[in-house]
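Residues 170 to 555 (this note's numbering) are what the sequence shown spells out, left to right. We put the beta carbon where it would ideally sit given N, CA and C, even for glycine. Note that the structure is a prediction, hence the values are computed from the model and not measured.
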Amino acid sequence: MGAYGEENPADPGLTSGALARRLGVSPTTLRSWDRRYGIGPAVRADGRHRRWTPRDVTVVEAMCRLTAAGVPPAEAARAAKEGAGGRSVEEDPGRARTPDGGPRPSRAAGPTAPGDLRRECRGLARAAVRLDAPAVEEQLAEAVERYGLTVAWQEVMVPTLHAVGRKWASSRDRYVEVEHLLSWHVSTTLRRHTRPPAPRPDTTAPGPVVLACVPGEQHTLPLEALNAALGELGLPTRMFGAAVPAEALTSAVDRLGPVAVVLWAQARSTASLPLARHVAAARWGVKGARRQPLVVLGGPGWHGHPAPGTVRPSSLGDAVEVLSALRGQVDRPERSQRPSSGAGADDPARREPEPPEPTPRDPERQDARPRRNRSRPSANSTIGSG
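Given below as C-alpha cells:
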C-alpha cells in the first residue's frame with residue numbers, strides 16, 4: 170500500500186478499524202455516523218468491507234473537529250460534507266436505495282427485533298469494558314432515539330448493566346471502573362431526556378408523582394428512568410433520589426399532596442412495609458372529600474402481597490401505565506378537591522419551612538475507600554419487583 174492520500178486505483182483506502190485508530194474514535198461511532206448522517210465510505214470492497222478514501226477521511230476529520238468543539242452532530246455532519254466537498258446521498262451511487270430510486274431509510278426506523286437488541290447490548294458492553302466513553306454515550310443516545318426511552322431502558326440499558334454486574338461479581342472486584350462508567354453515562358442519558366419540571370399555576374390540580382428511594386437504598390437509576398418516562402407524557406414529578414429519610418419523605422408527602430408515591434427498594438433489607446403503609450395512610454383535603462396517595466412499590470426488595478393502598482408493577486412500562494391512568498382518573502372528577510383549605514396552603518402544618526443554613530461537609534466522615542457503584546439496578550429489576 171502506497172502513501173495514504175494518493176489516489177491509487179489498486180488501493181481502495183483505509184478500513185474502518187484503521188481509520189478509527191487514526192482518529193481516536195470507535196468503529197461503532199463511524200458506523201453510527203454513516204447510518205445517521207450519511208458520513209460513510211465511498212467504497213465497499215467486494216460489497217462487504219468498508220474502505221475509506223482520502224476524501225472520506227477529510228469529511229470524517231472535519232466531523233471530529235466540529236463535534237469536539239461542541240457543534241451538534243447533525244449540524245457538524247452537514248458542515249463537514251459541505252466544507253470538505255463531501256458527497257450527498259444522491260451523489261453516491263454505491264449507497265443503498267429503494268426500488269423507486271430514493272435513498273433507503275435508516276435502520277432506526279425499523280421495528281424492534283430481538284437480534285438488533287442483543288447486538289445493541291453487546292456493543293454497549295464492549296464499549297464500556299474498553300472505557301470508550303464517547304462510544305458509550307453515542308450508543309445510549311442512539312438506542313433511545315431508535316427504540317424510545319422505555320424500550321431502550323428495559324431492553325438495552327438494564328441487560329447491559331446486569332451483564333457488567335455479573336462480570337464484576339465473577340471477577341473478584343475487577344471491572345468496578347467499567348460499572349461506574351456505564352452507570353454514569355446511563356444516568357446522563359436519562360437526565361438528558363428528562364423534561365424540566367413545568368410550573369403549576371393551577372393549585373387545584375392533582376399533586377405530582379413523588380419518586381424516592383427508601384432509607385438506606387442507594388440505587389437510583391430505575392427511578393431516573395421512570396422520572397424521564399413520566400416527563401415524556403407531561404406528568405409532573407418530584408424526584409428525591411437516594412436514601413430519603415422516613416421523616417423527610419413524610420414531610421414531602423404532607424406538603425405536596427401527591428397523587429402517587431413511588432418507593433424503590435433494591436434489597437429486602439431496605440424494603441420497609443411499615444413505611445409504605447404509613448405513606449399510604451396519609452390523608453388531606455376537606456372533610457368528606459379526603460384523598461390519599463397510591464403507593465407504588467418498585468424494586469426486587471418488595472415481596473409478598475402488596476399491602477392495601479399499594480401496587481407493585483412488574484416493569485417500567487407497567488409503572489408508566491399505572492401512573493398515567495391514575496393521573497387521568499384523578500384529574501377529571503376531583504380537581505376542586507385539592508387541599509387548599511382545611512389542611513391547605515394556609516394551614517401552619519403545610520407552610521413551607523425556612524431553608525436551613527448550609528453547613529460544610531466533614532471530610533473526615535467521608536469513606537474514601539473504592540466501592541462498587543450502587544446506583545445501578547441489580548439482576549431481575551427494571552422498575553417493578555422483578
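Remark: C-beta atoms of V313 and T357 do not approach each other more closely than 8 Å. Where L432 is concerned, the enclosing beta strand (DSSP E) starts and stops at A429 to W433.
Measuring C-alpha to C-alpha distances from A302 to each of R287, A397, A381 and T197 identifies T197 as the nearest. Counting the other Cβ atoms within 10 Å of the Cβ of G182 gives 16 or more, which makes it buried. CA-CA distance, H354 to M326, rounds to 10 Å. Under DSSP, the beta-bridge partners assigned to M408 are L380. The bridge partners DSSP lists for V465 are V431 and V480. Exclusion of the five residues before and after L402 leaves V489 and S493 as the residues of its chain whose Cβ lies within less than 8 Å of its Cβ. Where T319 is concerned, the enclosing alpha helix (DSSP H) starts and stops at L318 to A321. Following the DSSP letters along the chain, one finds L395 inside the alpha helix (DSSP H) bounded by residues L390 to E401. In the three-state reduction of the DSSP assignment, T358 falls in the helix class. For the 8 Å CB-CB criterion, L395 and V448 do not form a contact.
Rounded to whole angstroms, the gap between the alpha carbons of A187 and Y316 is 30 Å.
Of the candidates T319, D225, L463 and C382, C382 places its Cα closest to the Cα of S438.
Look at T222 here: in three-state DSSP terms it is coil, with no helix or strand label.
Distances from the CA of T389 to each of G400, G473, R204 and G410 were compared; the closest alpha carbon is that of G410. Residue ranges of uninterrupted alpha helix (DSSP H) with 4 or more members, entirely inside the stretch 182-206 and ordered along the chain, are 185-192 and 196-206. The beta carbons of A297 and V333 sit closer together than 8 Å.
Spatial neighbours of G209 in its own chain (CB-CB distance under 7 Å, excluding positions within 5 residues in sequence) are listed in chain order as D203. Taking the Cα of H331 as reference, the smallest distance to any Cα among T479, L399, P391 and V194 is reached at P391. Contact check for E386 against W433 passes: the beta carbons are separated by less than 8 Å. Within the same chain, Cβ atoms closer than 6 Å to the Cβ of E307 are found at T198 and S201, the five residues on either side in sequence being excluded. Distance from the CA atom of A398 to the CA atom of L404, rounded to whole angstroms, is 9 Å.
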